[in-house]
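Protein chains in written order, with the working numbering: chain A, 1 to 249; chain B, 1 to 234.
Using N, Cα and C, we set each Cβ at its ideal position, and we do this for glycine too.
Quick notes on the structure that follows.
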Amino acid sequence: MKLTVEVWRQESPADAGRWERHEVDDAASHLSLLDLLDLLNDQIAAAGGEPVAYESDCREGACGACGVTVNGVPHGPVPRTPSCRQHLRSFDGATRLRIEPLRSAAFPVVRDLVIDRSALDALVTAGGHVAINSGTASDAEALPIGHDDAETALDFAACIGCGACVAACPNGAAHLFAGAKLAHLAMLPQPALERGRRARAIVDELEQRFGPCSTYGECAEVCPAGISLAAVAAVHREGIRAWWRGRDD
Amino acid sequence: MTSTTLRSATTSRARVSTFTLKLAMAVTGWLFALFAAVHMYGNLKAWFGADAYNGYAHWLHNALYPLLPRDGLLWIMRIVLAVALVVHVVASLVLYLRGRRARGRFRRRGHNRWAAATMPWTGLLLLAFLTFHILDLTLGIAGAAEYRAATADESFAYQNTVASMGRPLAGAAYLLAMLVLLVHLVHGLWSSATEFGLTGRRTRKAWKVIAYVLAIGITVGNLTLPIGVWTGLL
Ligand code: HEM
Ligand code: SF4
Ligand code: FES
Chain A
1 MKLTVEVWRQ
11 ESPADAGRWE
21 RHEVDDAASH
31 LSLLDLLDLL
41 NDQIAAAGGE
51 PVAYESDCRE
61 GACGACGVTV
71 NGVPHGPVPR
81 TPSCRQHLRS
91 FDGATRLRIE
101 PLRSAAFPVV
111 RDLVIDRSAL
121 DALVTAGGHV
131 AINSGTASDA
141 EALPIGHDDA
151 ETALDFAACI
161 GCGACVAACP
171 NGAAHLFAGA
181 KLAHLAMLPQ
191 PALERGRRAR
201 AIVDELEQRF
211 GPCSTYGECA
221 EVCPAGISLA
231 AVAAVHREGI
241 RAWWRGRDD
Chain B
1 MTSTTLRSAT
11 TSRARVSTFT
21 LKLAMAVTGW
31 LFALFAAVHM
41 YGNLKAWFGA
51 DAYNGYAHWL
61 HNALYPLLPR
71 DGLLWIMRIV
81 LAVALVVHVV
91 ASLVLYLRGR
101 RARGRFRRRG
111 HNRWAAATMP
121 WTGLLLLAFL
131 TFHILDLTLG
141 IAGAAEYRAA
151 TADESFAYQN
161 TVASMGRPLA
171 GAAYLLAMLV
181 LLVHLVHGLW
191 SSATEFGLTG
201 RRTRKAWKVI
211 AYVLAIGITV
221 GNLTLPIGVW
231 TGLL
């Protein structure tokens, strides 16, 4: 299969960036997006050029490193699937791919397709963690968690931190990511001890770095972890609750 | 830009939080929706004849008299709605600008969420309609030639409405405004589930149903008026 690939090239965060056009002649349909980038890079290197920088690690949808935007859609045309698990065969015979970084003001481009996701780390640092002494293994035995609660909490914990939800949002909001953390930790007995403090810290961090949620619902369409759109409402549920109670838990 | 400059840039000015602004949008939006629902109910009285409609309008002008002065209830509603309108519009502008800034140089394209994307524009159209509507049927400035203001013991709301909507352009404006209202209300009411923090699966489903029923009910109920006038039934 012959493919026209337009790829975003950017030397550094300060560089304005530009599109670069390549023809890839033997793009087999079983290739993943990252395989295609590897093939393209071989071609570029053989011609003496500088390969396109992109991020990847697990290549199996677990690490969240690989997200790129394909024809305007974060991760690519297949819904709820990370870039590394998107294969050319499911692109409906597209012959032209525009590949650019995940876009949002909160994610500066480091180089080419590589972005800086520190803004998401800031949310985790602010409140996406458990900062209490949770005791020893036997204490865990003493705090049984119902099966349904454990499953729901795990569903919200499935986020791989890829940042696609932010890039999918026309407002640059991170409510799906932040709400997933809040919903997950609010359901478990030990993390819930700092539920109010966590909500205030995360809501405040969201204010500083991200945009407002207008319930477009695009985030949940691209989320490779299948986080439900209900997570965006957890931001306000937890925020209102913390404001109402005015306490740390 | 380092995170410290970003922080000081946003916190140096007094700033109403996005969280608060979104809640204010939801509360004032619901206020309009509930008002519009009651208003639609009042409009349906047209189907019970001119006397029913005018009698209701007359009652509105004199409701709770002598506890309140004449037009007292109307003025309370006008003031509450006007304050809500200012809050709704100003908050939407601030949120719109914040969203654009948080998104940055490269806009998101290629999604088909047109109802969400057009909220600022359907909102502005409603504002224009509201202005016309008040000039038309409350003040009579943009009303039909036959417009007659209410007197102390009589209202001509029915005749005014029928005469106004009998004008093709004005009738079309009412029709169009209701379709715009439908889009604005469906997305706005559904979106308020996010602001009110409704996360439960069943709750969210029910909320969506309520949003559609209320939005469709208000617009269809109101639409029966211009259609009734055009078909000669009113
Ligand atoms: C096609 C549908 C509508 C009809 C037939 C209609 C009819 C009327 C009439 C006859 C009045 C004057 C009542 C009186 O003072 O005697 C009125 C007032 C008013 N209408 Fe509507 N209306 C419609 C839709 C709407 C909508 C959608 C809104 C906004 C959501 C709205 C907002 C208002 C307001 C705010 C007033 C009061 C103005 C004031 O007294 O200061 N109307 N309407
Ligand atoms: S919520 Fe989904 S889209 Fe957002 S960072 Fe987590 S895995 Fe990625
Ligand atoms: S490379 Fe790990 S999720 Fe794609």
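Which two residues bound the contiguous alpha helix (DSSP H) that contains residue i?
| i | result |
| --- | --- |
| residue 240 of chain A | 230-245 |
| residue 221 of chain A | 218-222 |
| residue 34 of chain B | 18-44 |
| residue 115 of chain B | 114-117 |
| residue 59 of chain B | 50-62 |
| residue 198 of chain B | Neither: residue 198 of chain B is in no alpha helix (DSSP H) and is coded neither H nor E. |
| residue 182 of chain A | 175-186 |
How is residue i classed by DSSP in three states: helix, strand or coil?
| i | result |
| --- | --- |
| residue 134 of chain A | coil |
| residue 19 of chain A | strand |
| residue 202 of chain A | helix |
| residue 104 of chain A | coil |
| residue 50 of chain A | coil |
| residue 143 of chain A | coil |
| residue 90 of chain A | helix |
| residue 170 of chain A | coil |
| residue 3 of chain B | In this prediction, residue 3 of chain B scores a pLDDT of 41, lower than 50, which makes its location untrustworthy; no coordinate-derived value is stated. |
| residue 76 of chain B | helix |
| residue 164 of chain B | helix |
| residue 87 of chain B | helix |
| residue 97 of chain A | strand |
| residue 204 of chain B | helix |
| residue 9 of chain B | Caution is warranted here: a pLDDT of 43 is assigned to residue 9 of chain B, below 50, making its placement in the model unreliable, and no coordinate value can be reported. |
| residue 83 of chain A | helix |
| residue 264 of chain A | With chain A running from 1 to 249 in the structure shown, residue 264 of chain A is simply not present. |
| residue 69 of chain A | strand |
| residue 148 of chain A | helix |
| residue 77 of chain A | coil |
| residue 92 of chain B | helix |
| residue 39 of chain A | helix |
How about residue i: is its Cβ closer than 7 Å to a heavy atom in the ligand FES?
| i | result |
| --- | --- |
| residue 105 of chain A | no |
| residue 163 of chain A | no |
| residue 57 of chain A | yes |
| residue 223 of chain A | no |
| residue 64 of chain A | yes |
| residue 61 of chain A | yes |
| residue 118 of chain A | no |
| residue 82 of chain A | yes |
What residue range does the beta strand (DSSP E) around residue i cover?
| i | result |
| --- | --- |
| residue 111 of chain A | 109-111 |
| residue 195 of chain B | Run containing residue 195 of chain B: none in the beta strand (DSSP E); it sits in the alpha helix (DSSP H), 168-195. |
| residue 3 of chain A | 3-9 |
With residue i and residue j assumed to form a contact (beta carbons below 8 Å), what rounded beta-carbon distance in angstroms separates them?
| i | j | result |
| --- | --- | --- |
| residue 70 of chain A | residue 79 of chain A | 12 Å between Cβ atoms; not a contact. |
| residue 143 of chain A | residue 189 of chain A | 5 Å |
| residue 82 of chain A | residue 61 of chain A | 5 Å |
| residue 199 of chain B | residue 230 of chain A | 5 Å |
| residue 195 of chain B | residue 23 of chain B | 5 Å |
| residue 126 of chain B | residue 184 of chain B | 6 Å |
| residue 182 of chain B | residue 215 of chain B | 6 Å |
Does the Cβ of residue i lie closer than 7 Å to at least one heavy atom of the ligand SF4?
| i | result |
| --- | --- |
| residue 106 of chain B | no |
| residue 73 of chain A | no |
| residue 154 of chain A | no |
| residue 64 of chain B | no |
| residue 160 of chain A | yes |
| residue 219 of chain A | yes |
| residue 185 of chain A | no |
| residue 180 of chain A | yes |
| residue 177 of chain A | yes |
| residue 227 of chain A | yes |
Per the contact definition of three or more C-beta pairs closer than 8 Å, is the region 128-140 of chain B in contact with the region 55-68 of chain B?
With fewer than three CB-CB distances shorter than 8 Å, the region 55-68 of chain B does not count as touching the region 128-140 of chain B.
Would the region 150-163 of chain A count as touching the region 171-187 of chain A if we require 3 or more Cβ pairs under 8 Å?
Pairwise C-beta distances place the region 150-163 of chain A in contact with the region 171-187 of chain A, as three or more of them are shorter than 8 Å.
Does the pairing of the region 234-241 of chain A with the region 37-54 of chain B give three or more beta-carbon distances under 8 Å?
No contact exists between the region 234-241 of chain A and the region 37-54 of chain B.
Would the region 165-175 of chain B and the region 109-122 of chain B be scored as touching if the rule is three or more Cβ pairs under 8 Å?
With a cut-off of 8 Å, the region 109-122 of chain B and the region 165-175 of chain B do not count as touching, because too few Cβ pairs lie within range.
Is the region 52-66 of chain A touching the region 123-134 of chain A in the sense that three or more CB pairs, one from each, lie closer than 8 Å?
The region 123-134 of chain A is not in contact with the region 52-66 of chain A.
Check whether the region 161-169 of chain B touches the region 62-73 of chain B, counting contact only when three or more Cβ pairs, one atom from each stretch, lie closer than 8 Å.
Because the criterion of three Cβ pairs below 8 Å is not met, the region 161-169 of chain B and the region 62-73 of chain B do not touch.
At a cut of 8 Å, does the region 86-103 of chain B reach the region 148-163 of chain B through at least three beta carbon pairs?
By the criterion of at least three beta-carbon pairs nearer than 8 Å, the region 86-103 of chain B is not in contact with the region 148-163 of chain B.
Contact between the region 209-223 of chain A and the region 109-118 of chain B: three or more CB pairs below 8 Å?
With a cut-off of 8 Å, the region 109-118 of chain B and the region 209-223 of chain A count as touching, because enough Cβ pairs lie within range.
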